[in-house]
Amino acid sequence: MLTLSFGKSTSPRYRDAVKLAEKFTGYKNTGGKISVLLSVKEVFEKWEYFNQLFWTAVDWKETTLSYEDMTYHSHTDKTRIFYALQNSHWKWINYVEQKLSLQFNISEDNLDLSKLDTTNIDDKTADLLIDFYSIKKQGF
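Numbered by our numbering, the letters in the sequence shown go through residues 102 to 241 in order.
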């Protein structure tokens, strides 16, 4: 789990950041300190919101990013973690795109919509694949 936290800011974009943070299930406002507890799955599902939130708040004085009991304060460390997440997100989307393109890859000659398999990847399968990817990245 990741935690993105930021304090009250004089930035004109502070209100936007709070609204973006509220879109996540792990949102907490504790006396002016906003924290968002994020699973990798939720980051992937809400990538656009996470991307905007991160780049809005990354350079604010009180912004931190926590992962595996470590809290990162420097811009460099926070952005390196962001880019690792972004890379993982791209790989996940490429996997889903490839899987879907193989399911729906049929020629015009035998196009029969009734024969298309329209089942989506269920939550359990998505969670399992993300877990496998995370385990592989950690070197287990």
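Don't be surprised by glycine CBs; every beta carbon is placed ideally from N, CA and C.
- The bridge partners DSSP lists for Ser106 are Ser136 and Thr165.
- For Lys147, the secondary structure class from DSSP, reduced to helix, strand or coil, is coil.
- Sequence-distant partners of Ser175 (beyond 5 residues in either direction) whose C-beta falls short of 6 Å from its own C-beta are missing from its chain.
- If you look at Lys124, you'll find it isn't in any beta strand (DSSP E); DSSP assigns it neither H nor E.
- Counting C-beta atoms within 10 angstroms of its own C-beta, Ser106 has 16 or more neighbours from the protein chains shown and is therefore classed as buried.
- The Cβ atoms of Lys109 and Gly127 do not sit closer than 7 Å to each other.
- Its chain contains Leu121 as the residues whose beta carbon lies nearer than 7 Å to that of Gln153, once the 5 sequence neighbours on both sides are disregarded; these appear in chain order.
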